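Mapping of the sequence shown onto the working numbering: position 113 corresponds to residue 201, and the numbering continues sequentially without gaps.
We put the beta carbon where it would ideally sit given N, CA and C, even for glycine.
Quick caveat: nothing in here was measured; it's all calculated off a predicted structure.
Reading through the structure tokens given below for one structure.
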Amino acid sequence: MSDRLGGALARKPLHFIFVLDVSGSMLRGGRIQALNNAISEVLPHLRDEARANPHAELLVRVLAFANEPRWVIEEPTPVERVRWERLEAVPRGFTELGSALTTLAGALDDLDRTTSAFPPAIILVSDGRPTQSSGITFADGLQTLLTNRWGATAVRLALGVGRDADMNSLRRFIGDEEIPLLRADNPEQLVEYIVWASKAASKVASRPALGPGNGVTNVPPDPIGDPIWSTLG
């Protein structure tokens, strides 16, 4: 009994954060529905990852952004207790990614109280080019994130949706040319790529000796289905 209790106490937090674009363009071609389906499908995989790793307690948060960032799951929640409530896209909503990254950096400041946590895992999904109606540019938001010690050491993965995704900005967010940057062009790909990215990020983040991002070397799934979002925009 004492061994089991000791093992439970030894688990270190692994903060897993989804940053999800819900701008107006996500209404095109069923993108927001596909995103909801993808997150619903990835949660069982993350629960499996958590059960397979006795050293990490996987805690989930979700930040959505359009005209402004909004926490969907603000408190770090054990993955076993997460129940997904479907997101709605914001009609004519902008893509205020800089503001979202600034909000994310502020949330990561709280991790300074937890000296024994694994590096966070952050997955960004967006289908557009960052706007700055809030006054915070993408470059400013990214700089704020990277000057935060947890933001700098996080395992950062990104996924573009459709042909209008700003892959250059997503690559800058990742910050490592060796890490795959994917673009989903249909709902099936979106599900497959988010599952792949989530599993890869959780594995690498819980093995921090490899260094941020190092170890994301497994091959992502081959594209499947028709590239409908490459023509719809």
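- Counting C-beta atoms within 10 angstroms of its own C-beta, N256 has fewer than 16 neighbours from the protein chains shown and is therefore classed as exposed.
- Nearest neighbour of E168 by Cα position, chosen from R259, S187, S294, V148, turns out to be V148.
- A205 and L199 have their C-alpha atoms spaced approximately 8 angstroms apart.
- Counting only unbroken stretches of 4 or more residues, the alpha helix (DSSP H) elements lying wholly within the region 242 to 313 are 255 to 262, 275 to 293, in sequence order.
- In this chain, T225 is not harboured by any alpha helix (DSSP H), its DSSP state being neither H nor E.
- If you check the CB distance, D273 and R217 do not come in under 9 angstroms.
- Here L199 carries a helix assignment [DSSP, helix/strand/coil].
- DSSP lists L151 as the bridge partner or partners of W159.
- Taking all protein chains shown into account, T235 has fewer than 16 neighbouring C-beta atoms within 10 Å of its C-beta and is therefore exposed.
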